[in-house]
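Quick notes on the structure that follows.
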Amino acid sequence: MTIYRAFVASHSSTLCSLINLDFMKKTLLLFSSCLLACASFAQEPADALRFSWAVPGGTARQQAIGGAMGSLGGDISAAFSNPAGLAFYKTGDFVLTPIYQMAKSKASYLDHSEKDNKNKFQWGTTGFVIGSGNQGKKVRNTAFSLAFNRSGDFNKNILYRGINNQSSYSQKYLEEIGDDKSGNSVSDNYPFGASLAFRTYWIDTVAGGSEGNFNFQSRAQNILGAGLIQEQIISNSGGINEFALGVAASYNDKFMVGGSLGIPVLHYERNSVFNEADATTNTNNNFDFATVEENLITKGVGINLRLGIIYKPQEFWRLGLAIHSPTIYDLKDTYDVSVTANVENANSNQTLTSRSTDFNNEESSQFNYMLISPFKAIGSVSYVLREIEDVTKQKGFLTADIEYVNHKGSSFSEQTDENTVSDPDTKAYLKSLNKTIDKAYKGALNFRVGGELKFTTLMVRLGAAYYGNPYQDINGEKGSKLNLSGGLGYRNKGFFVDLTYVHSIQKDIHFPYRIEEAPYYAANLKSNVGNALLTFGVKF
Amino acid sequence: MKSFLPLLSLTLVFASCTTAYKSGQTPDDVYFSPERPQAEYVSVKDEEEDRYYRGESNGSSSDYYNYEEERYLRMKVRNRQRWSYLDNDFYSYNPYVYSNPGYYNSPWNPYSYWNHYYNPYGGSVMVYNVKSPVYNRPRTINLRTFDIQNNPSINPRVYNYKSGSTNGNTRSNTAPRRNVGSDLRNIFNSGSSNNSYSTPSPSANRSSTNSSSSSGGSSSGGSSSGSSSAPSRRF
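These protein sequence lines are chains G and H, in that order. For the first sequence, position 40 (counting from the first letter as 1) is numbered 40 according to our numbering, and the numbering increases by one without interruption. If you want our numbering, it's the 1-based position in the second sequence plus 1000.
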């Protein structure tokens, strides 16, 4: 990747010298003038939380017990939770896990509710573990694993509507232009926000001004008394697919230590449409409707390290501790925005559309950056009855994890190399963004608990997981995720099959916009996601 | 789903091939992981085959060469003419140490020769894929909104609407609806029994009285009806 970037960078510099320099200068001037502008489609704190608040997947067995694998071990999912758990292996496993997801979401905004749903087939934990025993030696066994896991899932549709008589989406554009009094500047210098709204007359000049001395108004804000119907439609897709290489060793069968190197591959896509319309049929109030459509694709690769230990103080008991390093992501955003509006007689009943690509030679805009997600610490305890070779005497286990995630620890930074000059304004914005993340989020505790009853070859499992609120309460922000799970397992003749259903109840909030000068509202989101997992495994 | 079937097939084949744990108990590593069962006959067979490759296996370092010579003699017995060139340089038979400088510098070898026929970046003709400059900045928001507590002083109007339902698989977000305003008003009207809205008419047919307070920004494009691309406004 580094070679590729160096190659691209070196050729880009050659290309730049050949491109019309005058045009380049104008382009740079245009963009530099709006560096501190507030675009409508934003690199915002929620971008960081999306990746740190993800609930990791696992095998059907691990998911059936609430995902609690911090001290239990003996399952390939341990590579993504506490790699020391791999040290229980003296045999080998090959597993694959298909998942079918059924998501239903309900959103309430200004006392109005909407429902949506999305179904999807996915791949879950797949890979192998090879363990080898060294009977009689102090290092009793070592294990190695190579596995794939769905470490985060972004598939979710959001739909909500309501009538607002307190604020308009367009007021964010008025705040964006601030003290800018130039109509020409507002038309050209805010390519992801105010310029689009201005060119479509959603925001307009106030009569009586002149170039360089204009005041601006929002056509929608003017009719707030009559009410604005607001509608938000978001389609999220993608996830974090992680590959991990794990190694572990057991010392005297009492003390296990392990580590895994993870390579998460992130892909996130969002299509967002916000509509705002006059709630009345009055055709003489100079506002009919406006639409903002935003498209974002975030792609990239990261790297992380997980280290863990498991200690068996006495028979039946296991204690685990694991640390997940921050994941360092190298990401690229590709994005574009368009605004469509009809302001009735204020612009001859025309419906006009303005796009951010109009400002960028019909290209979507891109931004390369680094994102560091927060570290995690997991403490765990398990009771296993019994740790004995004869499977007829293996009766079951109980296990519980507590996990701490410092959500405020996420941070963005510029991606620079020897061929890229650091941009001070971008740097300043990202620094402010990191401070805002620190204010907007907090450390959260997550709990996972589960158990299994074993009847020689047949197993029954139950589990639960609770992912705590990551938000600081600034404007009523709160959220949580509760997973309830159950499953069956069968293990005989050298293979095993596990079937699990996980029902996830997720509560979250979403702000269609945030403004300083007027009230704005959050939509309360509630999702019910059902995941059916099947893990098929072979012992070797 | 398509990728599932080949992998499942592979696993089933793998499962059918594995000999361990076909009979007896299948270990559960969560509870106890036993040492792998020693399949004696397999080990002996492996050793028999491996001794040709491992000089240390039987204390003789010449086993590998004996094996090679044996193969060579067998081949030559079968077809003397075909394999006779090996007499000149026995070790050149090994394809992994075969070395011919002429081959690697050949312009007809696309994998090794950095020639201008195959190298799009070399030679005297340079073809540039000229790309437009791309806006490379973060998406920005007004971060000050996180410093201010938003406390709506007046409660929003509350309407008793029925919940709508939309199937995400069939909805298209790629293009704005043609009449967003009237569509939204229809949605709210259809679910309400006590609101005061009348059935909206399409925007194009709505009566118009010019009451614009714009200062007169001029527009050089667009038509008087339908949707069109908004040009830059100049003053």
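Beta carbons: idealized from backbone N, C-alpha and C, even for Gly.
By the Cβ-count criterion, Ala377 (chain G) is exposed, with fewer than 16 other Cβ atoms from all chains shown falling within 10 Å of its own Cβ.
The Cβ atoms of Val129 (chain G) and Ser105 (chain G) lie no closer than 7 Å to each other. Within the region 345-401 of chain G, not a single complete alpha helix (DSSP H) segment reaches 4 residues in length. In the DSSP assignment, Gly320 (chain G) is bridged to G:Ile310, G:Ser380.
The region 205-223 of chain G makes no contact with the region 247-267 of chain G; the number of CB pairs closer than 8 Å stays below 3. For Phe1032 (chain H), the beta-bridge partners assigned by DSSP are H:Asp1028. Classified as exposed, Ile505 (chain G) has fewer than 16 neighbouring CB atoms from the shown chains inside 10 Å of its CB. Residue environment: Asp417 (chain G) is assigned as exposed (fewer than 16 neighbouring CB atoms within 10 Å of its CB, all protein chains considered). Assigned with DSSP and collapsed to three states, Gly486 (chain G) falls in strand. Looking at the backbone, the Cα of Ala290 (chain G) and that of Gly162 (chain G) are separated by about 15 Å. Listed along chain H are Ser1232, Arg1233, Arg1234, Phe1235, each with a C-beta nearer than 9 Å to that of Asn184 (chain G).
DSSP places Gly537 (chain G) outside any alpha helix (DSSP H); the residue lies instead in the beta strand (DSSP E), whose first and last residues are 523-539.
Note: Trp123 (chain G) is bridge-paired with G:Pro98 in the DSSP secondary-structure output. Under the three-state reduction of DSSP, Ala279 (chain G) is assigned to coil, being neither helix nor strand. Of the candidates G:Ser432, G:Lys478, G:Ala444, G:Gly487, the residue whose Cα lies closest to the Cα of Glu452 (chain G) is G:Gly487. The closest CA to that of Ser52 (chain G), considering only G:Gln415, G:Gly443, G:Lys526, is found on G:Gly443. Non-local C-beta neighbours of Thr283 (chain G) in its own chain, meaning closer than 7 Å and more than five positions away in sequence, comprise Glu344, ordered along the chain. For Asn1142 (chain H), the chain G residues whose Cβ falls inside 8 Å of its Cβ are Cys38, Lys172, Glu175, Glu176, Arg514, Ile515, Glu516, in order along the chain. Contact note: Ile229 (chain G) reaches chain H through Leu1184, Arg1185, Phe1188, using a C-beta cutoff of 7 Å and chain order. Around the beta-carbon of Gly537 (chain G), 16 or more other beta-carbon atoms lie within 10 Å, marking it buried. Of G:Asn347, G:Gly300, G:Ser356, G:Leu307, the smallest CA-CA separation from Asp330 (chain G) is found for G:Gly300. Setting aside the 5 residues that flank it on each side, Glu414 (chain G) is surrounded in the same chain by Tyr369, Met370, Ser422, Asp423, Thr426, Lys427, Leu430, each with a C-beta closer than 8 Å to its C-beta; the list follows chain order. For Ser272 (chain G), the closest alpha carbon among the candidates G:Ala103, G:Tyr383, G:His510 is that of G:His510. Contact of Ser71 (chain G) with chain H by beta-carbon distance below 9 Å is absent, the smallest such distance being about 11 Å. Looking from the CA of Leu445 (chain G), the closest CA among G:Leu433, G:Lys481, G:Thr436 belongs to G:Lys481. The straight-line gap separating the alpha-carbon atoms of His503 (chain G) and Leu458 (chain G) is approximately 22 Å.
Looking at the DSSP output, Gly259 (chain G) sits in a beta bridge with G:Val247, G:Leu307.
Judged by DSSP secondary structure, Phe216 (chain G) falls outside any alpha helix (DSSP H) and instead within the beta strand (DSSP E) spanning 216-218.
For the C-beta of Gln394 (chain G), the chain H residues within less than 9 Å are, from N- to C-terminus, Asp1028, Val1030, Tyr1031, Phe1032.
Of the residues assessed, Gln135 (chain G) falls on the exposed side of the cut-off, its CB having fewer than 16 other CB atoms within 10 angstroms. In the three-state DSSP reduction, Ala518 (chain G) falls in the coil class, being neither helix nor strand. Proximity of chain H to Thr200 (chain G) at the Cβ level (cut-off 8 Å) is accounted for by Ala1230, in chain order.
Secondary structure of Tyr466 (chain G) (DSSP, three-state): strand.
The three-state secondary structure of Lys454 (chain G), taken from DSSP, is strand.
If you compare the alpha carbons of G:Phe121, G:Tyr109, G:Ala147, G:Gly57 with that of Phe94 (chain G), the shortest gap goes to G:Ala147. One Cα belongs to Lys118 (chain G), the other to Gly133 (chain G), and the distance between them is close to 46 Å.
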